[in-house]
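**Q** 936 is the number of the first residue of the sequence shown in our numbering; add one for each residue after it.
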Amino acid sequence: MSDSLFTVLAPMAGYTDFAFRAICRDYGVGLTVTEMVSSKALVMGNTLSRRMLYRADTDKPCFCQIFGHEPEVMADSVLIDEVAAYEGVDINMGCPVRKIVSSGDGSALLEDPSLASRCISAVKKAIGDKPLSVKFRLGVSDSERAVYFTEMCRDSGADFVTVHFRTRRQMYSGDADYTLLPQLARVGIPIIANGDVTSRDKCARLLDMGASGVAVGRGALGRPYIFAELADKPFEFDTFAAIERHSQLLSEIFEERVVANEMKKHVAAYLKGKRNGKVVVTEVMCAHTPEQVLQPCREFFDTYPELRYIR
Ligand SMILES: Cc1cc2nc3c(=O)[nH]c(=O)nc-3n(C[C@H](O)[C@H](O)[C@H](O)COP(=O)(O)O)c2cc1C
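What follows is the structure in structure tokens.
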């Protein structure tokens, strides 16, 4: 399986920043995707949105994920230099967050396949030969229209789809239900399977069921080495070095206070499950500078060196 396993780092707003994506690269992830960016904000020249598209040179191939519901705006957004610099585009049609859905974006498009189709076609026309993917959920409250939606993506010009095998109603709870995977795989567009992928066994099962690859979300948080694990490749993960590198990378574009704030959630993820890690996380929560984030981590790993390396 290892040679043929195609892995994707699933986009996660607030987490899959350019620094985390660069670290996942070290462990062999096949494709990364940016955090979702509003096509409208991009077109309106919002500097924060454009800044979110900063990337490390090594982070290739990476797709830019956009959300929106106006075909022309979405098509215009992918022509902006910062977006065009990416190797491909991914359209978010799965986000269940109320604010996004009530604006007609994300998983709201599951309810309007005709508009979704026009969005996909418009973006495909704009990006030409570059690959386009669509990420969506099984449905709103059931999976009845999942096959139809997959066919629609295929017919509208998507090159592959990433399916989160939960419904919008499930949000992030309950297990991902892969019952429909074989049927979706028969539609004739590559399916990247997403939802609770954390083991090699699971990957093998999903590939057997017809998936062309897997996308890992929460399973990668604090564990960027999961991509090496899934591919059965040897690796050594130095947790403190990763924390330090993550912070240094963020410092390339953010001021100290922002880096410290961003690092808080990442440190919580890197230390999750480690004995006495919570004490450090509590201390890090009060940090105002990167050094105030790093110092308690350094002391922690000096005290418990056996918790620092994972191989
Ligand atoms: C904190 C968080 C942020 C997310 N942000 C996005 C996003 O920006 N775009 C997107 O398509 N999905 C987003 N997702 C969904 C994930 O990409 C993925 O579909 C979901 O977490 C299921 O995969 P998992 O079980 O491997 O975590 C997010 C999920 C989480 C937990």
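For each residue, glycine too, the CB sits at the ideal point set by N, CA and C.
Threshold first: 3 residues or longer. Then list the beta strand (DSSP E) segments lying entirely within the stretch 1039–1082, N to C.
**A** Counting whole runs of 3 or more residues, the stretch 1039–1082 contains the beta strand (DSSP E) stretches 1067–1074.
**Q** Checking 9 Å against the spacing of the C-beta atoms, do Arg1135 and Asp1167 come in under that value?
**A** Taking the first residue of the sequence shown as 1, we reach residue 1135 at position 200. Taking the first residue of the sequence shown as 1, we reach residue 1167 at position 232. Yes, Cβ-Cβ distance for Arg1135 and Asp1167 is below 9 Å.
**Q** To the nearest whole angstrom, what separates the beta carbons of Gly1023 and Ser1068, a pair I think is in contact under 8 Å?
**A** Numbered from 1 along the sequence shown, position 88 holds the residue referred to as residue 1023. Numbered from 1 along the sequence shown, position 133 holds the residue referred to as residue 1068. That pair is a contact at about 7 Å.
**Q** If you draw a straight line from the alpha carbon of Arg986 to that of Phe953, how long is it in whole angstroms?
**A** Position 51 of the sequence shown, counted from the first residue, corresponds to residue 986. Position 18 of the sequence shown, counted from the first residue, corresponds to residue 953. Answer to the nearest angstrom: the Cα atoms are 10 Å apart.
**Q** Please check the pair Ala1082 and Leu1119, which I expect to be a contact at CB under 8 Å, by giving their CB distance rounded to whole angstroms.
**A** Looking up residue 1082 in the sequence shown gives position 147. Looking up residue 1119 in the sequence shown gives position 184. In the sequence under discussion, the amino acid at residue 1082 is Val, which differs from the Ala named in the question. Sure, about 6 Å apart at Cβ, within 8 Å.
**Q** Within the present structure, is the beta-carbon of Cys1030 separated from the nearest heavy atom of ligand 1 by less than 8 Å?
**A** In the sequence shown, residue 1030 corresponds to position 95, counting from 1. Within the cutoff, so yes.
**Q** Could you pull out every residue in the same chain whose Cβ sits closer than 8 Å to the Cβ of Phe941, ignoring the five residues on either side in sequence?
**A** Taking the first residue of the sequence shown as position 1, residue 941 is located at position 6. Result list for Phe941: Gly965, Leu966, Ile1127, Ser1147, Gly1148, Val1149, in chain order.
**Q** Cβ of Pro1159 versus every heavy atom of ligand 1: is any distance shorter than 8 Å?
**A** For the purposes of this step, residue 1159 is taken as residue 224 along the sequence shown, with counting starting at 1. No, ligand 1 has no heavy atom inside 8 Å of this Cβ.
**Q** So which of Cys1088, Ile1055, Pro1031, Lys1209 has the shortest CA-CA distance to Ile1245?
**A** Position 310 of the sequence shown, counting from 1, holds the residue named residue 1245. Nearest of Cys1088, Ile1055, Pro1031, Lys1209 to Ile1245, Cα basis: Lys1209.
**Q** Going straight from the alpha carbon of Leu1073 to that of Lys1034, what length do you get?
**A** Within the sequence shown, numbered from 1, the residue matching residue 1073 stands at position 138. Within the sequence shown, numbered from 1, the residue matching residue 1034 stands at position 99. C-alpha separation (whole angstroms): 20 Å.
**Q** In the DSSP assignment, what residue or residues form a beta bridge with Met1028?
**A** Start at 1 with the first residue of the sequence shown, and residue 1028 comes out as number 93. In DSSP, Met1028 forms a bridge with Phe1071.
**Q** Check this for me: beta carbons of Tyr962 and Phe1175, under 9 Å apart or not?
**A** As a first step, residue 962 is located in the sequence shown; it is residue number 27 there, counting from the start. As a first step, residue 1175 is located in the sequence shown; it is residue number 240 there, counting from the start. In this structure, Phe1175 does not lie closer than 9 Å to Tyr962 by Cβ.
**Q** Looking at the unbroken alpha helix (DSSP H) that takes in Gln1227, where does it start and where does it end?
**A** As a working mapping, residue 1227 is identified with position 292 in the sequence shown. It spans 1225–1238 - the alpha helix (DSSP H) in which Gln1227 sits, taken as one unbroken run.
**Q** Going along the chain, which unbroken runs of the alpha helix (DSSP H) with 4 or more residues stay wholly within the stretch 1123–1168?
**A** 1135–1143, 1161–1165, all fully within the stretch 1123–1168.
**Q** Considering only their Cβ atoms, is the gap separating Arg1243 from Met947 smaller than 9 Å?
**A** Here residue 947 refers to the residue found at position 12 of the sequence shown. Here residue 1243 refers to the residue found at position 308 of the sequence shown. The answer is no: Cβ separation not under 9 Å.
**Q** Under a criterion of Cβ closer than 6 Å to any non-hydrogen atom of ligand 1, which residues qualify, in chain order?
**A** Selection output, chain order preserved: Ala945, Pro946, Met947, Ala948, Gly949, Tyr950, Glu970, Met971, Gln1000, Asn1027, Gly1029, Cys1030, Lys1070, His1099, Tyr1107, Asn1129, Gly1130, Asp1131, Val1132, Val1151, Gly1152, Arg1153, Gly1154.
**Q** For chain E, find out if any of its Cβ atoms is closer than 9 Å to the Cβ of Cys999; answer yes or no.
**A** Included in the structure is just one protein chain, with no chain E present.
**Q** For Ser937, I'd like the list of residues in its chain whose CB is within less than 8 Å of its CB, leaving aside the five on either flank, ordered along the chain.
**A** To locate residue 937, count along the sequence shown from 1; it is residue 2. With a pLDDT of only 47 at Ser937, under 50, the local geometry of the prediction cannot be trusted, and the value read off the model is given with reservation. Result list for Ser937: Ala1166, Asp1167, Lys1168, in chain order.
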